[in-house]
Structures are given as C-alpha cells and as structure tokens.
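Asker: What follows is a single structure, and I will ask about it in a moment.
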Amino acid sequence: MKLAKLLIVMVAVLALASVSMAGTLDDVRAKGYLRAGVNGSVFGFSMPDKKGVWKGLDVDTAKAVAAAVFGDANKVKFVPLTAVQRLPALQSGEIDVLCRNTTQTLTRETKNGLNFVHVNYYDGQGFLVPKKLGIKSAKELDGATVCVLPGTTTEMNAADYFRSHGMKWKPVVIENTAELNKAFFAGRCDCLTSDASQLAAQRSVAPNPKDYVLLPEIISKEPLAPVVRHGDDQWYDIVNWTVMALIEAEELGITSKNVDKMLKSKNPQIQRFLGVTPGMGKALGLDDKWAYNIIKQVGNYGEIFERNVGVNTPLGLERGLNALWTKGGLMYAAPFR
Amino acid sequence: MSRQEQAAASDPFWLDPGKRAIAYQVGVLCMVGLLAYYLVSNTLTNLEKQNIASGFGFMQKEASFEIGESLIPYSAADSYGRALLVGALNTLKVSFIGIILTTLLGTIIGIARLSSNWLVSRMAALYIEVMQDVPVLLQLFFWYAIFYETLPSPRQALNPFSGVFLTNRGVAMAVPAAHPCHKYMLAAFITACVLAYLLRRWARKRQEATGRYFPVVPVSVAAIIGLPLAVWFIFGAPLEMDVPRLQGFNFKGGITLSPEFIALLLGLVLYTAAFVAEVVRAGIQSVSKGQTEAAMAIGLKPGQVLNLVILPQALRVIIPPLTSQMLNLTKNSSLAVAIGFPDFVSVANTTINQTGQSIEGVALIMAVYLIFSLSTSAFMNWYNKKVKLVER
C-alpha cells in the first residue's frame, strides 16, 4: 500500500520531463487552486473532521496561502502524505506547498532541494509514559521498550538521546499511527516518543488520557515549518510572508472579527498591512488586499492556535514557545514595510 | 547445393522468417534499452536540477537510528549499509523459518484434507477456506493484537513451563548456558548428517545390486541424535541453563522472541500453509488411484506406496506451484512494516526518511527482493529437475 503510493510518486518524478522550476504562482493561478501536502492523521494539525472538512493548524496555514493568492481560503486541495512520501511529492511538483509538521533541518534545505519558510509551530520531542510505571524523568528509561512514531527525525533523536546518556533501549517502529497507538495503550511499550504536540494529540485519543503523563525532558528542537521547492524565490516570499502576516496580525491586534473595523484605523502600520496604503501586496505579486483576506477568512496566528491546539481543545497545549515574542515566546514577524 | 538452399542464400534477409524474427527481437531490445536510458538520464537530470543528492554515498554514513532486533551486532553508531544488512537478514530469517514451517504444515493439512476420516478432512477444508479468504494483512494485525491485548506485562508474566515466560513483550525462553562443548556437538551433528547421507547412497546401491534391504532411517536418526548426545556426555553433561529473569523493565537472559516476529511468522505461515495444502492435495490427487492399487497388489507396505510410487509422481505436480507460494511468503513478509517488525522494507523506509533519497532506497528494496526470489526459484528449479520424471 504505502509502497505502491511511493512508487507512484517515483513514477511521477520520472515522468516529469521538465519540472517547472520557476513560476509556481503562475501554475497555481492557472490551476485555480492550491495543492497542499498535509499529514492527514494528526488531530489539531491536519485531519478531516466527522463531516470530512479538513481542520488543523497546518490546514489553516495552507488556507491562508490560498487566501493570499486567490482571495478565497477554500481554494485548496489537501493531499495526505506519509513521512516517506512527503519530500518526493514536493520535489516532483505534485504539490505546491508542504504543510505537514515537517522539521527544518540543514540536510533538507541543501541535499533535498527544499526551502523552509517561517516556522508555524515550535515543537520538541518528548516522552509519554503510563502513570503506573512511576517514572519521573526520561533518565530512568534505561532498558525500556519505546514505541516510536514514524517520523523522520524522531528515530534519530531518540537514538542520540539514549546513546548520549549511555542507556539501552528497544524501539518498536510501526508505520501506521493508529496501530502504534493501540500497541502502546495495550502496554506493548513502556513509553511513546514523538514531538510533544503529537504526543498530546495521541494522549487525547487514549482510552483513559489521565493514565498517561508527559515526561519533563524535551530532547530536541523541532521547528515545524511549511516547505517549498528550491529556486522559486517569488513563491517562497509569498508563503513566507503569509506565515509572517498571521503573526504580525496577532501582534497588531487584528482578528477575523475586528479586521473590517481595523480598515479605518489611523495606525500607519495597520494601514500598510491591510493594504489601505497600497504597495505590500504588489511587491509580492499579489493583490494589495492579500493580508486582509487572510485575516478575514482564516484569522491571526493566535486565533488559529487556540482554535486547533489551544488550552480549550482536546490537545490542551499552552502557547509556550509559540507565544508572541512580546509575551516570552519565539513568534516574531519581520516588519511589514 | 540443393535448389532450396541456393534460393535461401540469394534471398534478401527480410524474406527469411528466421532472420526476420531476429531483426524484430533486436529492434524490441533496442527500444527497451532506449526507454531505460531515457528514464534513468531524465531522472538524474531532474534530480540535479532540483539540487537533490543522488547515488549510494549515504551507505557509509552513520545511521544513527536503533533497530529493535538483529542477528548481527548493531548499534546506532553503525552505517546505513550495516543497518540495511540487519534488515535484509531479518527478512531472510522470517522467510527461511516461514518457508520451512509452511511446507511442513501445508503438507500435513493437505494430506489431512484427503483423509478418509470425515472430521479430519472437514476440519482441514474449513481451515483452508477460512485462511485463504482472509487477507494476510488482517491476519497479521489479528495475531499482533492478540499478543499485546491478551498477554500480561512482564511483571505479571505467565509461566506455563519452567523457564518459559509469556508476556506482551514477547516470549522469553531459557537456553543452555554457553559451554565449550556446544561447538563440538555441532561438529558431531554435521558429521552424523554426512554419514547418514553416505549410508543412504551405499544402502541404495547395495539394494539395487543384491536386493538386500538395509534400515537406513532408524540408523540415521540414531546417529544424528546419538552422536551429539555422546559428545555432550563426554564433556560431563553440563546442565547449566541461562534462565530469563526480570530486571528493570523487561526480561534479561535466555532468548526472547518479540511479539512482532511471532505475529509475522504466525500470520505468514498460517496463511500460506492453506495454499500449500491445496497444492499438496492437487499433487496427490493427480496420481491415479490405479497406481496405488497396483502398488498394493505387488505387496508394498502403505509407507512404501507413498514413498516409492505416489510421492515421486506427485512432487512433479507439487514443486512448481509450491515454489510460487514460497516466493509469495517472502514477498508478503514486507507487510512487517504494518506491525513493526524491523524487516528490510522497514529499515529502508527509515533510511529514506532520514536521507531523503527515495529513488535509491526503493531501488534497493526491489533489488533485495529480486535476489531473494531469484535464489529461491533457482534452488527450487534445481530440485524440480531432480524429481522430474526420468523418461526412458
């Protein structure tokens, strides 16, 4: 199954006689919609709800790009991809942007021919253990059996952590997230490791979420960001500044509810941002109303976060590193001028 | 020179069907070659254009991921090449053991299917129908789930016999503690096997020449069991066992079979055995009943009828489809990814994940399965040739 999909992607790579290196914007406009690669099975990040409507932080990021390009956040087709498929799918031009909780690394930006835009979620790898084991720290995990969520940097981080602490462990790697969860909740492993946000999502679907605790150690840096292909600077700018616009809007206090009122604001920063003073959109090759459309239809970063993964959702995540820089977090947009 | 030959020599080659066939074949070969060249060069150009690294240079780099079970020493500090070797050996392990068990079980069920006992034959039929009709992936999930859902955690391990512990982390068993006599016992075992083979050849020759019968089977079995046992006694019969004991999270010592391995083996064997049973049944039924009756009429015992008359003829029918079932089992073992057994596909997937070199990774997966399958079928073809009806 997975293999077959992978083969299809490979054939797609082979069959593309000439991959269009520049002009993703023109391609997307000609198609009339954006093709976004997503995970598809991580609650809170990208997953269809009961009615089949895509929901999540990554989904909303892709919608924001569509709003910027088309003025319509719904002109997106979502392509669920496994960890193995995602990079070839982007490289081959099957998708226009990858919003699939993907960690920015040096290898991916160089050898894999990709560019990461501004981070849309700062994450880190952690451990989830059953409460009854009575473990307080990841350093007590010597000899443990560890269920590893299929991810790219996850297996390596875990191996590095155990190696550097001179501990032995046994990984159980299952490709299907749902199967791995079942095995972990049934006690096949002593602990489950993945990005902390994903662990929160897994715990929320446990038979009894209160029986599991996240250990305090965060063993890696996982800056998750949308990805585009190398070599198309205009498209990179559009996706990058779309993410920044989400953050900037939160900082300026513009929300989906008050954005119409904000059009009349006297603040020159807000006027430039919303296109009341024209220029910013043109520079990107977009309509000057691009940022207005994003905020009106999708909301600012804070709204997206609280709606999908915040404390009032089943994931119940604090803003933490993902708070604005003015509130002790890392979310910091470059100036819009 | 006859007139016909003369005509053939002077005709242009396109009028000669033999030469024309060669020309067509060369043409097709050229087209296939060109297509392959186009695909490869196109891929390489595109990869280069997108600044994607290609080639197998990554094989020497440090893998930095751990593998759950391995036949050879492996740690995260070893190279991708070694990690892939570990995966290939795991695939080989499960396929090899699986093929042997499948052949045994399939033969037993196939014979049971033909039994004159109503209950036995219906039970075998039921088994075959159920196992053949449930997709093997579902069977794997089923056995895996049974394992981790029903068995207790290591701290409450089931202990059905002394030295055997059943837990949701696997089956831990006691094994004899390492002792220098083991390698001599192995040598004795191999010697006994060789002796049995020579004995069989000698007995056959003598029977053909003189008609005198020699009881090869009991003597061989006695030698194969007795010789290593004798060596063991010479060393003073060391009885020390390496018993698994609970330490920290899990059992240490003895040998442990992981739930993933057991579930995969069980799923593959039970599924494929149903097909093998049908193959065996068809083979035996292909030998006409008259043969059995004739053999009985000349006074052969039932065992001799099976060994000397029916099996040699049935095997000709059984071997080719049996080979394809063995290949199926090997290829189906790649479903291991679904239940977390670190087979070749699983390790290659992680490698692809980390290096981003999916084309090389998938090419390797294809190459490894091709090698496994071709060697299996080469061996089986050799065996098939041996049992083929010798026409006189």
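Protein chains in written order, with the numbering used here: chain A, 1 to 337; chain B, 1 to 392.
Glycine included, C-beta positions come from ideal geometry on N, C-alpha and C.
(1) Suppose only complete runs of 4+ residues qualify. What are the alpha helix (DSSP H) ranges in the region 245-291 of chain A, listed by chain order?
(2) Tell me the rounded alpha-carbon separation between T376/B and M326/B.
(3) In angstroms with no decimal places, state the Cα-to-Cα distance between L321/A and N42/B.
(4) Go ahead and pull the three-state DSSP assignment for V134/B.
(5) Anyone know if the C-beta pair for A62/A and A36/A falls short of 7 Å?
(6) With 9 Å as the limit, tell me which residues of the region 247-259 of chain B have their beta carbon closer than that to any beta carbon of chain A; keep them in chain order.
(7) Name the chain B residues whose beta carbon is nearer than 9 Å to that of A144/A?
(8) Which residues in the same chain have their Cβ closer than 6 Å to the Cβ of T272/B, if we skip the five residues on either side of it in sequence?
(9) Any idea what DSSP makes of A144/A, helix, strand or coil?
(10) Quick one: give me the first and last residue of the beta strand (DSSP E) that C191/A is part of.
(11) Check this for me: beta carbons of L90/A and I304/A, under 7 Å apart or not?
(12) Between the region 88-97 of chain B and the region 350-360 of chain B, can you find at least three pairs of beta-carbon atoms closer than 8 Å?
(13) Does the beta-carbon of A283/A have 16 or more other beta-carbons within 10 angstroms, so that it is buried, or is it exposed?
(14) In whole angstroms, what is the alpha-carbon distance linking G52/A and R86/A?
(15) Report the residue from H179/B, N159/B, G98/B, L311/B whose alpha carbon sits nearest the alpha carbon of G267/B.
(16) At a CB-CB cut-off below 7 Å, which residues of chain B make contact with W235/A?
(17) Out of F249/B, W143/B, L265/B, point me to the one whose CA is closest to L105/B's CA.
(18) Please identify, using Cβ separations under 8 Å, the residues of the region 195-221 of chain A that lie next to chain B, in order along the chain.
(19) Given a cut-off of 7 Å, decide if D211/A and P314/A are closer than it, judged by their beta-carbon atoms.
(20) Is it true that the CB of C147/A sits closer than 7 Å to the CB of L81/A?
(21) Where F341/B and A334/A are concerned, what is the direct C-alpha to C-alpha distance, given to the nearest angstrom?
(22) Helix, strand or coil for F251/B per DSSP?
(23) Identify the residues that DSSP records as bridge partners of V287/B: which are they?
(24) Looking at A223/B: is its Cβ nearer than 7 Å to the Cβ of A178/B?
(25) Would you call the region 225-244 of chain A and the region 106-125 of chain A touching, i.e. three or more CB-CB distances under 8 Å?
(26) Between the region 169-188 of chain A and chain B, which residues of the former have CB atoms less than 8 Å from a CB of the latter, in chain order?
(27) Helix, strand or coil for V213/A per DSSP?
(28) Buried or exposed: which applies to T24/A, given that a residue is buried once 16 or more other Cβ atoms fall within 10 Å of its Cβ?
(29) Under 8 Å: do the region 246-262 of chain A and the region 291-300 of chain A share three or more Cβ pairs, one atom per stretch?
(30) Residues in its own chain within less than 8 Å of Y74/B by CB, not counting five upstream and five downstream?
(31) Run down chain B in chain order and give the residues with a C-beta less than 7 Å from the C-beta of P223/A.
(32) At which residues does the alpha helix (DSSP H) containing A36/B begin and terminate?
(33) Quick check on C171/B - is its C-beta less than 7 Å from some C-beta in chain A?
(34) Going along the chain, which residues of the region 319-337 of chain B sit with their C-beta nearer than 8 Å to a C-beta in chain A?
(35) Taking CB distances under 7 Å as the criterion, tell me whether K327/A reaches chain B.
(36) G279/A touches chain B at which residues, Cβ-Cβ below 9 Å?
Answerer: Inspection of the coordinates gives the following:
(1) 259-262, 268-274, 280-284
(2) 8 Å
(3) 44 Å
(4) coil
(5) Yes, these two residues count as a Cβ contact at 7 Å.
(6) Q247, G248, F249, N250, K252, S258, P259
(7) Residues of chain B whose Cβ lies closer than 9 Å to the Cβ of A144/A are, in chain order, G248, F249, N250.
(8) T102, Q325, L329
(9) strand
(10) 191-195
(11) no
(12) no
(13) exposed
(14) Between the C-alpha atoms of G52/A and R86/A there is a straight-line separation of about 22 Å.
(15) For G267/B, the closest of H179/B, N159/B, G98/B, L311/B by C-alpha to C-alpha distance is G98/B.
(16) In chain order: nothing, as chain B lies at least about 14 Å away.
(17) Taking only the C-alpha atoms, the option nearest L105/B is L265/B.
(18) none
(19) No, the Cβ-Cβ distance between P314/A and D211/A is not below 7 Å.
(20) no
(21) 47 Å
(22) F251/B falls in the strand class under three-state DSSP.
(23) DSSP lists no partner for V287/B.
(24) no
(25) yes
(26) W169, K170, P171, V172, V173, I174, E175, N176, E179, L180, K182, A183, A186, G187, R188
(27) In this structure, V213/A counts as strand in the three-state DSSP scheme.
(28) buried
(29) yes
(30) Hits under 8 Å: I67, R82, A83, V86.
(31) In chain order: nothing, as chain B lies at least about 18 Å away.
(32) 17-49
(33) Before going on, a small fix: residue 171/B reads as Val here, not Cys. Output row for V171/B: interface = no.
(34) S334, V337
(35) It does not; no Cβ of chain B falls within 7 Å.
(36) Within chain B, no residue comes near G279/A; the closest Cβ sits about 33 Å away, beyond 9 Å.
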